[in-house]
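Asks:
Numbering (the numbering used here), first residue to last: 4 to 74.
(1) How should residue 5 be labelled, buried or exposed, when 16 other C-beta atoms within 10 angstroms of its C-beta is the threshold for buried?
(2) Just to check my reading of the structure: residue 38 and residue 71 have Cβ atoms closer than 8 Å, yes? What is that Cβ distance to the nearest angstrom?
(3) Only counting the same chain, and skipping five residues up and downstream in sequence, which positions put a Cβ closer than 6 Å to that of residue 57?
(4) Roughly how many angstroms separate the alpha carbons of residue 8 and residue 73, rounded to a whole number?
(5) Here's a check: name, in chain order, each residue in its chain whose Cβ is nearer than 7 Å to the Cβ of residue 24, leaving out the five neighbours to either side.
Okay, here's the thing in structure tokens:
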């Protein structure tokens with residue numbers, strides 16, 4: 004599972020979804036889905052724009068969480 008830390012990063016910088024949309028040009032519904040972690044894919048260009056705007060790395064924005072398998 005991939006976890007998106009957009010909500011945490013925006014909170015730390017006191018930014019809103021509207022700020023990201025306005026400054027990056029990324030579609031509002033895309034940013035909203037990332038914020039609420041309902042996304043199932045992301046375009047590299049979108050990822051780059053958001054990371055550059057937030058001055059963060061891809062690893063700070065996205066995290067792979069390994070789910071433990073219980074047999």
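The beta carbon of each residue, even a glycine, is placed where N, CA and C say it ideally should be.
The structure displayed is predicted, hence computed values, not measured ones.
Replies: Reading from the atomic positions:
(1) With fewer than 16 Cβ atoms within 10 Å of its Cβ, residue 5 is classed as exposed.
(2) Contact between residue 38 and residue 71 does not hold, since their C-beta atoms are separated by about 27 Å, which reaches or exceeds 8 Å.
(3) If we look at residue 57 and ignore the five residues flanking it on each side, its Cβ neighbours are 12.
(4) Residue 8 and residue 73: Cα-Cα distance of roughly 26 Å.
(5) Setting aside the 5 residues that flank it on each side, residue 24 is surrounded in the same chain by 31 and 34, each with a C-beta closer than 7 Å to its C-beta; the list follows chain order.
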